[in-house]
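Q:
Chains as they are written, first to last, in this note's numbering: chain U, 1 to 343; chain C, 1001 to 1399.
1) Should residue 1073 (chain C) be flagged as near chain U, meaning a C-beta pair shorter than 7 Å?
2) Between residue 1068 (chain C) and residue 1062 (chain C), is the Cβ-Cβ spacing less than 7 Å?
3) In whole angstroms, what separates the C-alpha of residue 204 (chain U) from that of residue 283 (chain U)?
4) Just the chain U side, please: which residues come within less than 9 Å of residue 1282 (chain C) by C-beta, in chain order?
5) Starting from the N-terminal side, write out each stretch of the alpha helix (DSSP H) that is 4 residues or longer and does not extend beyond the segment 1295 to 1329 of chain C.
6) What does DSSP give as the partner residue(s) for residue 170 (chain U) in the beta ladder?
7) Give me the chain U residues within the contact set of residue 1116 (chain C), using Cβ-Cβ distance strictly less than 8 Å, ordered along the chain.
8) Rounded to the nearest angstrom, what separates residue 128 (chain U) and residue 1010 (chain C) at their Cα positions?
9) Which residue comes first and which comes last in the alpha helix (DSSP H) that contains residue 1200 (chain C)?
10) So, does the CB of residue 134 (chain U) fall closer than 7 Å to a CB anywhere in chain C?
11) From residue 1282 (chain C) to residue 149 (chain U), what distance separates their C-alpha atoms?
12) Quick one: give me the first and last residue of the alpha helix (DSSP H) that residue 268 (chain U) is part of.
13) Applying the criterion that 16 or more other CB atoms from any shown protein chain within 10 Å of the CB defines a buried residue, is residue 1190 (chain C) buried or exposed?
14) Is there a Cβ from chain A that is less than 7 Å from the Cβ of residue 1176 (chain C)?
15) In chain C, which residues lie with their C-beta within 7 Å of the C-beta of residue 286 (chain U)?
16) Pull up the CB-CB distance for residue 147 (chain U) and residue 1351 (chain C), whole angstroms please, since I reckon it's below 8 Å.
17) Under 7 Å between C-beta atoms, does residue 1309 (chain C) make it to chain U?
18) With a CB to CB cut of under 7 Å and the five nearest residues on each side skipped, what residues in its chain are close to residue 1106 (chain C)?
19) Name the chain C residues that come within less than 9 Å of residue 82 (chain U), Cβ to Cβ?
20) Cα-Cα, which of U:33, U:238 and U:51 is closest to residue 254 (chain U)?
21) Consult DSSP for residue 1171 (chain C) and reduce its assignment to one of helix, strand or coil.
22) Show which residues of chain C have a CB atom less than 8 Å away from the CB atom of residue 131 (chain U).
23) Return the first residue and the last residue of the beta strand (DSSP E) that residue 286 (chain U) is part of.
24) When you compare each of C:1137, C:1165 and C:1167 to residue 1153 (chain C) by their alpha carbons, which one comes out closest?
25) Check whether the Cβ of residue 1146 (chain C) lies closer than 7 Å to any Cβ atom in chain U.
26) From residue 1018 (chain C) to residue 1211 (chain C), what does the alpha carbon distance come to, in whole angstroms?
27) Helix, strand or coil, according to DSSP, for residue 128 (chain U) in the structure here?
28) Rounded to whole angstroms, what's the CA-CA distance from residue 1333 (chain C) to residue 1345 (chain C)? Just pull it up for me.
29) Please list, in chain order, the chain U residues whose beta carbon lies closer than 9 Å to that of residue 1346 (chain C).
30) Could you name the residues of the same chain whose beta carbon sits closer than 8 Å to that of residue 1205 (chain C), not counting the 5 residues immediately before and after it, in chain order?
31) Do the segment 1158 to 1168 of chain C and the segment 316 to 335 of chain U touch if we need at least three Cβ pairs shorter than 8 Å?
32) Name, please, each residue of chain U whose Cβ falls closer than 7 Å to the Cβ of residue 1353 (chain C).
33) Mind listing which residues of the segment 164 to 175 of chain U have their C-beta closer than 9 Å to chain C's C-betas, in chain order?
34) Are there 16 or more other CB atoms within 10 angstroms of the CB of residue 1060 (chain C), so buried, or fewer, so exposed?
35) Locate the alpha helix (DSSP H) running through residue 1160 (chain C), then write down its first and last residues.
36) Is the Cβ-Cβ distance between residue 260 (chain U) and residue 159 (chain U) less than 7 Å?
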């Protein structure tokens, strides 16, 4: 039983990342009808916003510390972050420690701006082109973004720690009445899960309960009629693209402490996210979220040693296998709408 | 000639000429000169040109004609490589059975995957092929280690139970792949003044296969079968209303292109008898997509050009480093030199992928017909008058 709960928990954090990326992909697809292969790159950019913020916060200048000496006997030069000068040492340390949560605030405007730029500068010209062209041009864009990041940050993963308060693990077993140490779960992954639930909830609430969201939903259902009613739907869809980019970026920011960001992390996630979107059903937001969590949990169940002994290698292929089975038995995915992508 | 129209036959002759004289054409700069680093006429790279050319020609039969975008073609290339290496291990070091088995294995493998994937079209087809290729990659990397060698890849060993031919040479080495005694790695070097030309056995074998592959692809493009495939691309619904079932045609195209990929994989293993799982990864599938689009999907010669261009960039441009750049721009005043070098440097050397990505995007945005279309546009610019005289031909799709 404890194993069972542990695997569900393990699946949740990966599932959250899949769900967030798939949600953004589906938003873009559902509103603009564009298959965005550069979405993984947006996720990666988010993670690198976290890296950049923590680099900026630790910008420092050299100060000669008279009380200490280096091994040659000269006065030691110490790197002092500018933040110490502004806020004093204790507050400065706290700010540096909380670099990743702070990056969330920075990431939202940056990612929205990048999303706008992408949509207005490139994607706009591809609405009328075939889906294959959209895939290809965004695939090219993903390569370009990836290489630019590689040029500035190098090819190695950059460790970006979570705040000290969230380092360590939470002993779930005790809460649920199992033996201590039976179910150990890192705090940050718990944070990641709750964060993603909040973000997903916010996106759904935004679409469901605001006038803007209502117009967007109407546009998704019947773009032409909404246009005839005198609403500039293109502008709203551009904003939705920005929001989708921000969702991917936030997923990346928060993922940075779990997996040190490197320039190809986006591509690694992209392939799986596309599978998630297709399993959930092209154009269905609840489908994307449900499929994200489902596949994340399935993946973690498949990596249990008991399962691997039974079916060797199943952990590597489970997601693809499920995708193939679902696509062949339910052609529209789990919750796909009729008439979407059925040329 | 050979069942080809005059125009196609001329194209075939040009390709034969170019591949036959490639050791000369790709080595235009004398040894030891500053520009010698741009020479591409060494065996390893020339082999890659033609092998990836075969791969791209095959991919083009599927994507260029039917419009089905497969993101998993590298799986067939990988399967072909494994098959070929196993033939070397078990049967003989002759390359012909190895290449034959790699084509057969890739054909069967693509029949299986194609049969399932082709039940869907559009993005679903792309995702299905991607999923199958990633599955093959993951399995080859982990569980199938006894067959595929896992992380280290499949290699020849001194203890291979070879039926024909010895397990090791007289000197105790592993024998090398050969065509009836002609070793694939053997080369004839010819010094002409300052120039050094290398004629490699493996390259010429691969080139012969590429010319055959190219010939078959022309025949397919011009055949009623090719016409059916184009019909699928332009309007599948209309095709089914005329009473034709598209599935057998797409499946045939898929299997043919899979066999081309297998042939490329077999040749790759013949040049260098090892096979690794990374050949099946989806980035490898993405590469052949890049090649085909860059050169011009749906055109005959485009994929070969694209393959050559990408491989040339990968091997030649990536070698240029900052020192060489400074050498080139040394004639500029110091400050300006640094600025120019700093501006160019991100795009070459290790950053050549950036150039590739930008070039690819530009081609997709402005030249959906690839470099071939670009060439035609430029040609039309210079001979506008002539083009107007032959207008009925000029409006034909690029081929």
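From the three backbone atoms N, C-alpha and C, an ideal C-beta is built for every residue, glycine too.
A: Here's the rundown:
1) Here residue 1073 (chain C) corresponds to residue number 73 of the second chain, with the count starting at 1. So no, residue 1073 (chain C) is outside the interface.
2) Against the second chain, residue 1068 (chain C) aligns to sequence position 68. Against the second chain, residue 1062 (chain C) aligns to sequence position 62. Against a cut-off of 7 Å, the Cβ pair of residue 1062 (chain C) and residue 1068 (chain C) comes out as a contact.
3) Position 204 of the first chain, counted from the start, is the residue given in the question as residue 204 (chain U). Position 283 of the first chain, counted from the start, is the residue given in the question as residue 283 (chain U). Between residue 204 (chain U) and residue 283 (chain U), the C-alpha separation is close to 14 Å.
4) By one-based count along the second chain, residue 1282 (chain C) stands at place 282. Under the 9 Å cutoff, chain U gives 267 and 271.
5) 1302 to 1316 and 1322 to 1328
6) Position 170 of the first chain, counted from the first residue, corresponds to residue 170 (chain U). In the DSSP output, where bridge partners are listed per residue, residue 170 (chain U) has U:185.
7) Here residue 1116 (chain C) refers to the residue found at position 116 of the second chain. Result: 324 and 328.
8) On the first chain, residue 128 (chain U) is found 128 positions in, with the first residue counted as 1. On the second chain, residue 1010 (chain C) is found 10 positions in, with the first residue counted as 1. Cα to Cα, residue 128 (chain U) sits roughly 37 Å from residue 1010 (chain C).
9) Walking along the second chain from the start, residue 1200 (chain C) turns up at place 200. Element bounds for residue 1200 (chain C): not the alpha helix (DSSP H) but the beta strand (DSSP E), 1195 to 1200.
10) Here residue 134 (chain U) refers to the residue found at position 134 when the first chain is read from its first residue. No, no contact with chain C.
11) For the purposes of this step, residue 1282 (chain C) is taken as residue 282 along the second chain, with counting starting at 1. For the purposes of this step, residue 149 (chain U) is taken as residue 149 along the first chain, with counting starting at 1. So the two alpha carbons sit approximately 21 Å from each other.
12) For the purposes of this step, residue 268 (chain U) is taken as the residue at position 268 of the first chain. Start and end: 265 to 280.
13) As a first step, residue 1190 (chain C) must be located in the second chain, where it is residue number 190. Residue 1190 (chain C) comes out exposed.
14) The chain labelled as chain A is not found among the protein chains of the depicted structure, namely U and C.
15) What you label residue 286 (chain U) is simply residue 286 of the first chain in a count that begins at 1. What residue 286 (chain U) touches in chain C: nothing, since even the nearest Cβ is about 20 Å away.
16) One-based indexing of the first chain puts residue 147 (chain U) at position 147. One-based indexing of the second chain puts residue 1351 (chain C) at position 351. About 6 Å; that satisfies the 8 Å criterion.
17) Against the second chain, residue 1309 (chain C) aligns to sequence position 309. Judged by the 7 Å Cβ criterion, residue 1309 (chain C) is not in contact with chain U.
18) Taking the first residue of the second chain as position 1, residue 1106 (chain C) is located at position 106. Only 1076, 1079, 1080, 1258, 1259, 1261, 1262 and 1265 meet the Cβ criterion.
19) Start at 1 with the first residue of the first chain, and residue 82 (chain U) comes out as number 82. None at all; the shortest Cβ gap to chain C is about 27 Å.
20) Here the question's residue 254 (chain U) lines up with position 254 in the first chain. Residue U:51 is the option with its Cα nearest to residue 254 (chain U).
21) In the second chain, residue 1171 (chain C) corresponds to position 171, counting from 1. Residue 1171 (chain C) falls in the coil class under three-state DSSP.
22) Position 131 of the first chain, counted from the start, is the residue given in the question as residue 131 (chain U). Going along chain C in sequence order, the residues near residue 131 (chain U) (Cβ under 8 Å) are 1122 and 1123.
23) Stepping through the first chain from its first residue, residue 286 (chain U) is reached at position 286. Segment 285 to 302 is the alpha helix (DSSP H) holding residue 286 (chain U); no beta strand (DSSP E) there.
24) Numbered from 1 along the second chain, position 153 holds the residue referred to as residue 1153 (chain C). With distances taken between Cα atoms, residue 1153 (chain C) lies closest to C:1137.
25) Along the second chain, one-based indexing puts residue 1146 (chain C) at 146. Cβ-Cβ to chain U under 7 Å: no for residue 1146 (chain C).
26) Position 18 of the second chain, counting from 1, holds the residue named residue 1018 (chain C). Position 211 of the second chain, counting from 1, holds the residue named residue 1211 (chain C). Roughly 11 Å between the two C-alpha positions.
27) Taking the first residue of the first chain as position 1, residue 128 (chain U) is located at position 128. Note: residue 128 (chain U) maps to coil in three-state DSSP.
28) The residue you call residue 1333 (chain C) lines up with position 333 of the second chain. The residue you call residue 1345 (chain C) lines up with position 345 of the second chain. Those two C-alpha atoms are separated by around 18 Å.
29) Taking the first residue of the second chain as 1, we reach residue 1346 (chain C) at position 346. In chain order: 147, 148 and 151.
30) The residue you call residue 1205 (chain C) lines up with position 205 of the second chain. For residue 1205 (chain C), where only same-chain residues beyond five positions count, the Cβ hits under 8 Å are 1095, 1179, 1184, 1267 and 1270.
31) no
32) In the second chain, counting from the first residue as 1, residue 1353 (chain C) sits at position 353. Going along chain U in sequence order, the residues near residue 1353 (chain C) (Cβ under 7 Å) are 143 and 147.
33) none
34) The residue you call residue 1060 (chain C) lines up with position 60 of the second chain. Burial call: buried.
35) For the purposes of this step, residue 1160 (chain C) is taken as residue 160 along the second chain, with counting starting at 1. Run containing residue 1160 (chain C): none; DSSP gives neither H nor E here.
36) The residue labelled residue 260 (chain U) in the question sits at position 260 within the first chain. The residue labelled residue 159 (chain U) in the question sits at position 159 within the first chain. Yes, these two residues count as a Cβ contact at 7 Å.
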